[in-house]
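So the structure is just underneath, and the comments pick up after that.
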Amino acid sequence: MANIYIKDVTVRFNKSVVIDKLTERLSDGDFYVMLGLSGSGKTTLLKIIAGLAFVSSGSVEIGGENIVKYSQRQMLDYHRCCGYVFQNAALISNMSIYENLSLYYNYHTDLSEKDIYLKIKKFLDYVGFDNDISQRPNILSAGEKMLVNIVRAISHEPEYIFWDSPLSNLDTHYQNRVKKIILDFKKQKKTMVLATGDIDFAFSIADKIGILQKGRIIESGTPGDIKNSNYSPTREFIDNE
Amino acid sequence: MNFIGRFYNNFITSVNMKIKYYGGVTALLYYSIISYFIDKKGRNRINKIIIMQIYFTGNLALMIISLAALSLGIVTVLQSYYILSNYGALKQVGDIINIIIIRELGPFFTAFIILSRSATAISAEIGTMMVNDEINALEMLGIDSLKFVVFPRIAGMVIAGVFLTIYFNAISLIGGFLVGNLVGGLSFDTYITYIINSITFLDISMSIFKSAIFSLFISGIAIYYGFQAFEQTQIPQATTKAVVSSIFALFFIDIIMSVIFYL
Chain X
1 MANIYIKDVT VRFNKSVVID KLTERLSDGD FYVMLGLSGS GKTTLLKIIA GLAFVSSGSV
61 EIGGENIVKY SQRQMLDYHR CCGYVFQNAA LISNMSIYEN LSLYYNYHTD LSEKDIYLKI
121 KKFLDYVGFD NDISQRPNIL SAGEKMLVNI VRAISHEPEY IFWDSPLSNL DTHYQNRVKK
181 IILDFKKQKK TMVLATGDID FAFSIADKIG ILQKGRIIES GTPGDIKNSN YSPTREFIDN
241 E
Chain E
242 MNFIGRFYNN FITSVNMKIK YYGGVTALLY YSIISYFIDK KGRNRINKII IMQIYFTGNL
302 ALMIISLAAL SLGIVTVLQS YYILSNYGAL KQVGDIINII IIRELGPFFT AFIILSRSAT
362 AISAEIGTMM VNDEINALEM LGIDSLKFVV FPRIAGMVIA GVFLTIYFNA ISLIGGFLVG
422 NLVGGLSFDT YITYIINSIT FLDISMSIFK SAIFSLFISG IAIYYGFQAF EQTQIPQATT
482 KAVVSSIFAL FFIDIIMSVI FYL
């Protein structure tokens, strides 16, 4: 595992600036939470750190290596060290739930089908998923999809985990379940980045919080720093939420 | 800006877009094929997807291909039969079938059917995968989408395209024989003799080669446009663009190949 250093990153889509000369540091083992309104650039920043978004300028250093300059092969190797929990679950719709979950092992390892099944079953039991995994993902509820999405992201035991608004679109039951899973991973001291709009949860779990507004981090610091901030845009954001 | 200035700017923009488009399609084809052969990871899984794609593009299109091929064979022989028999040139029926069906319309019709059935589906499928972050989800598992998503669709379509063209040609020949026999009492032996005397190995090879190239570009273009969809509303646009561009490409490639091999 390694520190993450985002330096002067700008992202432009067509002519609009989505991320504007953003700089931020994340320490090894930190749980970094991005707070911001929708459209503030949280998902784009998360995708930049995960190497999924094109960067117009600037650098993203993971352990001193600039991933922006990575070749496709290097990027795929980096991705294997990451787990990404997508906001919309992003399960492959023309594969069964089991195929979605076994994909990593089928592709990268020579494990037998039985061993793969046992590995996956362990994680499914852990998150509390008990639906039929031979079915396609379209039979699942939003909450169940999120659990499968989480299992897919964590079952290969990645070094970094990125959570893209995992609590949105979920009912309280599944929100609590997902919060518990996130908490468990925090205890394991995994380097994690979470994008969320849930301020209370962010303050309760983060090691460091960054507040995003119009593609810029207007303030970042420990939850205590942010809570007691006198900087007016930060205050305004917290008070309005 | 004056008229000439505007015309110049539009021309440059259009040329840039064309270069980007042709470069994009060529790069997509090149890198997906390279990635499959260089990296052996996940081969079994990818081969299964190729077989699925062959089934989807090939097997499920057999009915429409049969109907089109039979009709073409019947119409071609029916239209030419009376004229040729009036001039006592019935032997030329083999030449006509060769030129019209084997060299030209066999691969062309097959490519059109593949384009309308499978390429549109592939374009919409890839577009949906893009919009739903499914491609990103694969990449996050360290899975090369060029190898896992693009290559099987290209390979499946090329393999299916070649076999469908052979099948199309065969069914057309049968259609031609049926009408020749029913209308003019042409015997099977005579018909086959005419065909064998007219069709060369180059004609058959060209027919197969053409169908492979057609399928290669149809799939490449469909996938390329699928990857251009970033929002739900862009998926139908991507599919339409894929169809229009593929039709242009089909005509263009057909002309080029005919000029190269038959002039």
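Line order of the protein sequences matches chains X and E.
Residues in the first sequence are numbered from 1 upward in steps of one, following my numbering.
Residues in the second sequence are numbered from 242 upward in steps of one, following my numbering.
The C-beta atom is built at its ideal place from N, Cα and C for all residues, glycine as well.
Predicted model only: the values in this text are computed from it and were never measured.
Query, Result
"Beta strand (DSSP E) runs wholly inside the segment 253–299 of chain E, at least 3 long, in chain order", "none"
"Of the residues Ile-454/E, Leu-504/E, Asp-444/E and Leu-405/E, the one placed nearest Phe-493/E, counting alpha carbons only", "Ile-454/E"
"Gln-74/X - containing alpha helix (DSSP H), residue span", "72–80"
"Minimum C-alpha distance to Tyr-408/E - residue among Ile-449/E, Thr-480/E and Val-256/E", "Ile-449/E"
"Own chain residues within Cβ distance below 7 Å of Leu-111/X, not counting five before or after", "Tyr-105"
"Gln-175/X: first and last residue of the uninterrupted alpha helix (DSSP H) it sits in", "172–187"
"For Arg-152/X and Gly-83/X, the rounded distance between their alpha carbons", "8 Å"
"Contiguous alpha helix (DSSP H) assignments of at least 4 residues, all confined to the segment 34–69 of chain X", "42–49"
"Span of the alpha helix (DSSP H), counted from its first residue to its last, around Ala-378/E", "375–381"
"CB contact check: Arg-80/X to chain E, cutoff 8 Å", "yes"
"Residues in the segment 361–375 of chain E having any Cβ partner in chain X nearer than 8 Å", "Glu-366, Thr-369, Met-370, Asn-373, Asp-374 and Glu-375"
"Contact under 8 Å by Cβ, Met-398/E with Ser-460/E", "yes"
"Proximity of Ile-213/E and Leu-301/E at Cβ, strictly below 8 Å", "Any answer about residue 213/E is impossible in this case: the structure gives chain E only from 242 up to 504."
"Nearest residue (CA-CA) to Lys-21/X, options Glu-159/X, Ile-48/X and Tyr-231/X", "Ile-48/X"
"Listed by chain order, chain E residues near Ala-2/X by CB distance under 8 Å", "None at all; the shortest Cβ gap to chain E is about 18 Å."
"Range covered by the alpha helix (DSSP H) that runs through Lys-114/X", "113–127"
"Ile-92/X: contacting residues in chain E (beta-carbon distance under 8 Å)", "Met-370, Glu-375, Ala-378 and Leu-379"
"Secondary structure of Gln-213/X, DSSP reduced to three states", "strand"
"For Lys-189/X and Lys-208/X, the rounded distance between their alpha carbons", "13 Å"
"Any C-beta of chain E under 8 Å from that of Phe-123/X", "no"
"Residues bridged to Ile-6/X (per DSSP)", "Glu-24/X and Val-60/X"
"Nearest-angstrom Cβ-Cβ length linking Val-11/X and Thr-44/X, presumed shorter than 8 Å", "6 Å"
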